[in-house]
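Chemist: Sending over a structure as structure tokens; questions will come in a sec.
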Amino acid sequence: MSRTVAILFVLIGGASYGLISPVVKHAYSLGYSPGDVTSAQYFMATIVLLLIAAFQFRHFKSLTRRDVLLFCFLGVLSTGTSIFYYLALSELPASLSIVLLFQFAWIVMLIDYLVKRNKPTKAKWVALALIVIGTLFAVDLFHAEWEGVSTKGLVLGLLASLTYSTFLYSTSYVRQGTSPWVNSAIIATVSMVTVFFVFPPTFLFNGTMWSGLWIWALIIGGLGQVIPPVFFNIGIPKVGGGLAGVLTSIELPVAVVAAFFLLHEQVTGVQWVGIVMILLGIAAAEFRRRSRKGFKQV
């Protein structure tokens, strides 16, 4: 698989995360509780992935102990990100919570440096600056309410960013040649069990599952727990964890644009500027590398 295709897979995985917010908001508007929505989405995603993985049973036999432990670790990290982020949202304005989560763009680069001593290129520094500044504009943080900002919320938001950064970077260690569907099924199963400890699966007994929640759980689970891990398992081992932190920043522009078209939320000129800056940052991360490659081929 070419590097370009791998980058496309990572971008699609990040974009899928961006579509979750407007869908979750709509589910909440229908009266479903955050706990039921969260636990039900993991339940439905796990069922889907296990059904698909069942047709690839032979790939289970090729998994090593290291593979299984890595996927279990990724499952815990995925759950931790969701829980920390949802709790941060309950303590902080949404715009500030998003900015804290998006610190993963530089945290992944820091992890890459600490683990492999890979120094960010000038292009990646430019990309990082564009993404961080673009994020501030895209969420219109300058008009957010700063009075009484919760220290607990700040810590939770940073923990969400740290677990997500570790998830993205650790995915680069997935052994190529393994089935992304089988890998993701293991990750989803561990995530579901972990989520059930925080949000017990009451939806299975209180009647909400079959009153319509299953539809939204299937959609949200697909966007959050099926598409991203499968596509990340395919793309990130090829492009590396450092670049994955930049590419997955596509999540925010997609979230803002989706809210504009699906929920008819107002998007200001400043936010559009931020979206463009993030997209330019993503492009800049690969620009210098491709320019050098093209120069050598001349």
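Number 91 in UniProt numbering belongs to position 91 of the sequence shown; there are no gaps in the numbering.
Backbone N, C-alpha and C define an ideal beta-carbon position, used for all residues, glycine too.
Here the structure is a predicted model, which is why all the values come from computation and not from measurement.
Using the beta-carbon count (16 or more within 10 Å), is F231 buried or exposed?
Modeler: So F231 counts as buried.
Chemist: Which residues in the same chain as T163 place their Cβ atom closer than 6 Å to its Cβ, once the five residues preceding and following it in sequence are excluded?
Modeler: Closer than 6 Å at the Cβ level, and outside the excluded window around T163, lie L77, G80 and T81.
Chemist: Hey, how far is the Cα of G31 from the Cα of G207?
Modeler: Roughly 13 Å between the two C-alpha positions.
Chemist: Using C-beta distances below 6 Å, list every residue in its chain close to A27, excluding the 5 sequence neighbours before and after it, in chain order.
Modeler: Answer for A27: V37 and W216, listed in chain order.
Chemist: Sort out for me which residues DSSP pairs T178 with in a bridge.
Modeler: In DSSP, T178 forms a bridge with Q176.
Chemist: Enumerate in chain order the residues of its own chain whose CB-to-CB distance from F71 is below 6 Å, with the five nearest sequence positions on each side excluded.
Modeler: Once the five neighbours on either side are set aside, the close Cβ partners of F71 are N183, I186 and I187.
Chemist: If you draw a straight line from the alpha carbon of Y113 to that of Y169, how long is it in whole angstroms?
Modeler: If you take the alpha carbons of Y113 and Y169, they lie about 11 Å apart.
Chemist: What residue ranges within the UniProt domain "EamA" (152-283) form continuous alpha helix (DSSP H) runs of no fewer than 4 residues, ordered along the chain?
Modeler: Here the runs fully enclosed are 180-198, 213-221, 227-239, 241-247 and 251-262.
Chemist: Leaving aside the five residues before and after I83 along the sequence, list all residues of the same chain whose C-beta is less than 6 Å from its C-beta, in chain order.
Modeler: Only V198 meet the Cβ criterion.
Chemist: Specify the secondary structure class of F71 as computed by DSSP and reduced to three states.
Modeler: Of the three classes helix, strand and coil, the one that applies to F71 here is helix, per DSSP.
Chemist: Compare the Cα-Cα distances from T151 to each of V10, G14 and L87 and report the closest residue.
Modeler: Per the Cα distances, L87.
Chemist: Take K124 as the anchor and find which of V108, F137 and V115 has the nearest alpha-carbon.
Modeler: Cα-wise, what sits closest to K124 is V108.
Chemist: Please classify T64 as buried or exposed, where buried requires at least 16 other C-beta atoms within 10 Å of its C-beta.
Modeler: It is exposed - the Cβ of T64 has fewer than 16 other Cβ atoms within 10 Å.
Chemist: Would you mind listing the alpha helix (DSSP H) stretches within the UniProt domain "EamA" (6-138) that are 4+ residues and don't spill past its ends, in chain order?
Modeler: Entirely contained in the UniProt domain "EamA" (6-138), the alpha helix (DSSP H) runs reaching 4 residues are, in chain order, 20-29, 34-54, 57-61, 65-91, 94-101, 104-116 and 122-138.
Chemist: From F57 to I234, what distance separates their C-alpha atoms?
Modeler: The alpha-carbon atoms of F57 and I234 are separated by roughly 18 Å.
Chemist: Mind checking P22: buried by the 16 CB within 10 Å criterion, or exposed?
Modeler: By the 10 Å Cβ count, P22 comes out buried.
Chemist: Among residues of its own chain, excluding the 5 on either side of P120, which ones have a beta-carbon nearer than 6 Å to its beta-carbon?
Modeler: Excluding sequence neighbours, P120 sits near M109.
Chemist: For Y173, which of S97, G240 and G14 has the nearest alpha-carbon?
Modeler: For the residues S97, G240 and G14, the minimum Cα distance to Y173 belongs to G240.
Chemist: Just how far apart, CA to CA, sit K61 and G75?
Modeler: Going from the Cα of K61 to the Cα of G75 covers about 20 Å.
Chemist: Which value, in whole angstroms, describes the spacing of the CA atoms of I52 and F9?
Modeler: Going by the C-alpha atoms only, they are around 19 Å apart.
Chemist: Does the Cβ of P237 have 16 or more other Cβ atoms within 10 Å, making it buried, or fewer, making it exposed?
Modeler: Buried is the call here.
Chemist: Looking only at its chain, what residues have a beta carbon closer than 6 Å to the beta carbon of T4, apart from the 5 residues adjacent to it on each side?
Modeler: For T4, where only same-chain residues beyond five positions count, there are no Cβ hits under 6 Å.
Chemist: To the nearest angstrom, report how far apart L50 and T194 are at their CA atoms.
Modeler: Going by the C-alpha atoms only, they are around 17 Å apart.
Chemist: What number of angstroms, rounded off, separates the C-alpha of V246 from the C-alpha of I47?
Modeler: If you take the alpha carbons of V246 and I47, they lie about 31 Å apart.
Chemist: Just the Cα atoms here: how many angstroms apart are K25 and L263?
Modeler: About 9 Å.
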